[in-house]
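Worksheet: one structure, shown below.
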Amino acid sequence: MFVRVMGLPVRFALYILASLALMGVDARYDALGLLRTGVAAVLHPVQVGLARPFHYLQDALDFFAVHGQLVHEKQRLEATQRALMQQLHDRAWLAAENAHLRGLLGLAIPPGYTGHGVEVVQAMANPFTRKVVVDRGSLQGLTAGWPAVDASGLVGQVTRVYPASSEITLITSREQDIPVQVVRNGLRLIVSGTGQDRLLEVRFLDMHADLQPGDELVTSGLDGVYPAGIPVARVVAVEPPRHTPFARAVCAPVAGVGRHRQMLILQRETPAAAPTARPAGRQAAPTGGPSS
Amino acid sequence: MARPRGGSLRPRGPQLIAPAGARLVYGSLALAFLLGLLPWPEGWRWLVPDFTFLVLLYWNIHSPHRAGLGLAFVLGLLTDVARGVLFGLHALVYVAAAFAALTVRRRLENFLPPGQALQLAPLFLGKELAVLLLGFALGQKAIDWWYLAAGPMAAMLWLPVCLLLHRLGGRPPAGPAAAEGK
Numbered sequence: 001m002f003v004r005v006m007g008l009p010v011r012f013a014l015y016i017l018a019s020l021a022l023m024g025v026d027a028r029y030d031a032l033g034l035l036r037t038g039v040a041a042v043l044h045p046v047q048v049g050l051a052r053p054f055h056y057l058q059d060a061l062d063f064f065a066v067h068g069q070l071v072h073e074k075q076r077l078e079a080t081q082r083a084l085m086q087q088l089h090d091r092a093w094l095a096a097e098n099a100h101l102r103g104l105l106g107l108a109i110p111p112g113y114t115g116h117g118v119e120v121v122q123a124m125a126n127p128f129t130r131k132v133v134v135d136r137g138s139l140q141g142l143t144a145g146w147p148a149v150d151a152s153g154l155v156g157q158v159t160r161v162y163p164a165s166s167e168i169t170l171i172t173s174r175e176q177d178i179p180v181q182v183v184r185n186g187l188r189l190i191v192s193g194t195g196q197d198r199l200l201e202v203r204f205l206d207m208h209a210d211l212q213p214g215d216e217l218v219t220s221g222l223d224g225v226y227p228a229g230i231p232v233a234r235v236v237a238v239e240p241p242r243h244t245p246f247a248r249a250v251c252a253p254v255a256g257v258g259r260h261r262q263m264l265i266l267q268r269e270t271p272a273a274a275p276t277a278r279p280a281g282r283q284a285a286p287t288g289g290p291s292s
Numbered sequence: 293m294a295r296p297r298g299g300s301l302r303p304r305g306p307q308l309i310a311p312a313g314a315r316l317v318y319g320s321l322a323l324a325f326l327l328g329l330l331p332w333p334e335g336w337r338w339l340v341p342d343f344t345f346l347v348l349l350y351w352n353i354h355s356p357h358r359a360g361l362g363l364a365f366v367l368g369l370l371t372d373v374a375r376g377v378l379f380g381l382h383a384l385v386y387v388a389a390a391f392a393a394l395t396v397r398r399r400l401e402n403f404l405p406p407g408q409a410l411q412l413a414p415l416f417l418g419k420e421l422a423v424l425l426l427g428f429a430l431g432q433k434a435i436d437w438w439y440l441a442a443g444p445m446a447a448m449l450w451l452p453v454c455l456l457l458h459r460l461g462g463r464p465p466a467g468p469a470a471a472e473g474k
């Protein structure tokens, strides 16, 4: 009623104030998560439905692709598959052996991880952060903070979770920092995104640090977010310091960041309390005393 | 559509146009919003204009009693969620643009769509710029300035959108100015 009485400038001012208040609340506090979740829960099925015909179209085009190309692709994929299976077996075997050895040592078992396969639904039109939307959410047990990987390395991190979808911030985002370790010499560094697709950087590098082009960087696992040993990047060039006391290293991500439709989200297998309880009991039997 | 017949009794003023129906206004806005949700190729996402904004401005100018500041605000919030940015960012920009459009709509109605596109181009570009600058002001450090290109794209799309919605809304395709014989 009285809204109609107000003139256009007054209503304009009210709406502007409302927007500013919303932005302030959303930026400072996480109070609007529920509202956002509600709207996203409605939008997500629509997005999936809209994307489906295009996926079908893509699949149909793939179907009509040249036969030789398909055969070639199949051979390549089979080779990759074999290699991956081999790695998977090795990994499972190593993990088992490792668990056994660690059990013997009486140390806490580093928690294992399980994977959730997800599919990218949409790349978000967000001019500030490189994000994609995937088709699994809190209903499937996802939680913000988990790492996302593909067959070759780290892709990103789950940053926002909706009931049936999640937003994944890619490691090439500018605010995304990952603690890593150089495989060759164990040097610990922090790799950051640059906002460009095929580029990462080590921003504040000690100018005497032993880092060379070609060095492989893997996650160090020190942050408690990323499991240790996931390939992240390969050093492309080390730039000497110019105006700052720090050098800078340019790296290329190992994973196909922003290029695949499928990725894997890693979930820590057991809650933090359980694994510490189990080895403690096992530890008591063989060693008994304060061995470590 | 009630169009007066009979040459001598025909009014000389601008042609009467029935106001656009609610179904057309909200339906076209919903379609435009869905168009923005399509899986556009990732490498070209910055070039895709904000269809919702485009259609919103059209209705602000041609049917202000249906599309006012409130509708702009709600659509802005929806866009905020769809694009994963701060709540209220697009709402603010949409409301500001709708205000500008509502203020100048009387003048704009006397122009043909190409002229309108030229006059609205700064508004389209300004909208993209405002979104980026607001994000910057709120602490986003990495800004993809290529997203500004969506502004001129939207201005270029104004003409086809006008033709389409004029036709659907029962207006003469070239707008009221042409119908008067200017």
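Keeping their order, the protein sequence lines are chains A and B.
Counting along the first sequence from 1, when you hit position 144 you're at 144 in the numbering used here, and nothing is skipped either side.
To convert a position in the second sequence, counted from 1, into the numbering used here, add 292.
Each residue gets a CB set at the ideal place from its N, CA and C atoms; glycine is no exception.
Since this is a predicted model, take the numbers as computed values, not measurements.
First through last residue of the alpha helix (DSSP H) which encompasses residue i
i: GLN408(B); result: 405-429
i: VAL340(B); result: Premise fails: VAL340(B) is in no alpha helix (DSSP H) and is neither H nor E.
i: THR395(B); result: 381-400
i: VAL453(B); result: 442-460
i: SER19(A); result: 8-28
i: ALA372(B); result: First, the residue type needs correcting, since residue 372(B) is Asp and not Ala in the sequence shown. Counting along the chain, the alpha helix (DSSP H) containing ASP372(B) begins and ends at 361-375.
Exposure of residue i, with buried meaning 16 or more beta-carbon neighbours within 10 Å
i: ALA92(A); result: exposed
i: HIS357(B); result: exposed
i: TRP336(B); result: exposed
i: GLN432(B); result: buried
i: ASP62(A); result: exposed
i: PHE12(A); result: buried
i: PHE54(A); result: exposed
i: GLU269(A); result: exposed
The beta strand (DSSP E) enclosing residue i, as first and last residue numbers
i: ALA249(A); result: 246-253
i: GLY115(A); result: 113-123
i: THR37(A); result: Premise fails: THR37(A) lies in the alpha helix (DSSP H), 33-63, not in any beta strand (DSSP E).
i: ILE265(A); result: 262-268
i: GLY328(B); result: Careful: GLY328(B) lies outside any beta strand (DSSP E), inside the alpha helix (DSSP H) at 314-329.
i: ARG203(A); result: 200-206
i: ARG234(A); result: 231-239
i: PRO179(A); result: 177-182
8 angstroms Cβ cutoff, residue i in contact with chain A
i: ARG375(B); result: yes
i: LYS419(B); result: no
i: ALA318(B); result: The sequence given here has Tyr at residue 318(B), not Ala. Taking Cβ atoms only, chain A never reaches closer than 8 angstroms to TYR318(B), which makes this a no.
i: PHE416(B); result: no
i: PHE403(B); result: no
i: TYR439(B); result: yes
i: GLY443(B); result: no
i: ILE236(B); result: Shown here, chain B extends from 293 to 474; a query on residue 236(B) therefore has no answer.
i: PRO292(B); result: Since the first residue shown for chain B is 293 and the last is 474, residue 292(B) is missing from the structure and cannot be characterised.
i: ALA389(B); result: no
i: ARG383(B); result: Note that residue 383(B) is Ala in the sequence shown, not Arg. Yes, because at least one Cβ of chain A sits closer than 8 angstroms to the Cβ of ALA383(B).
i: ALA434(B); result: yes
i: LEU326(B); result: yes
i: ARG399(B); result: no
i: LEU430(B); result: yes
Alpha-carbon spacing of residue i relative to residue j, whole angstroms
i: VAL71(A); j: GLN181(A); result: 39 angstroms
i: ALA383(B); j: GLY376(B); result: 13 angstroms
i: TYR15(A); j: SER355(B); result: 20 angstroms
i: GLY68(A); j: VAL132(A); result: 33 angstroms
i: MET445(B); j: ARG234(A); result: 38 angstroms
i: SER165(A); j: LEU329(B); result: 15 angstroms
i: PRO147(A); j: GLN267(A); result: 8 angstroms
i: ASP436(B); j: LEU421(B); result: 11 angstroms
i: GLY137(A); j: VAL46(A); result: 15 angstroms
i: PHE391(B); j: GLY256(A); result: 44 angstroms
i: LEU222(A); j: ALA27(A); result: 28 angstroms
i: THR80(A); j: ASP90(A); result: 15 angstroms
i: LEU440(B); j: TRP338(B); result: 8 angstroms
Proximity test, Cβ basis, 8 angstroms: residue i and chain B
i: ASP26(A); result: yes
i: GLU167(A); result: yes
i: ARG36(A); result: yes
i: LEU104(A); result: Residue confidence is low: LEU104(A) scores 48 on pLDDT, short of 50, so the model does not pin down where it sits. Its coordinate-derived value is still stated next. Closer than 8 angstroms: no.
i: ILE16(A); result: yes
i: MET23(A); result: yes
i: LEU323(A); result: Within the shown structure, residues of chain A are numbered from 1 to 292, placing residue 323(A) beyond reach of any answer.
i: ALA40(A); result: yes
i: VAL118(A); result: no
Residue-chain proximity (residue i, chain C), Cβ-Cβ < 8 angstroms
i: LEU361(B); result: This model lacks chain C altogether; the protein chains it does include are A and B.
If you measure beta-carbon to beta-carbon, which residues of the stretch 177-208 of chain A are closer than 7 angstroms to chain B? GLY195
Interface residues of the stretch 121-152 of chain A facing chain B [CB-CB below 9 angstroms]: VAL121, GLN122, ALA123, MET124, ALA125, ASN126, PRO127, PHE128, THR129, ARG130, LYS131, VAL132 and VAL133
Scan the stretch 339-365 of chain B for residues whose Cβ lies nearer than 9 angstroms to a Cβ of chain A and list them as they occur along the chain. VAL340, ASP342, GLY360, LEU361, GLY362, ALA364 and PHE365
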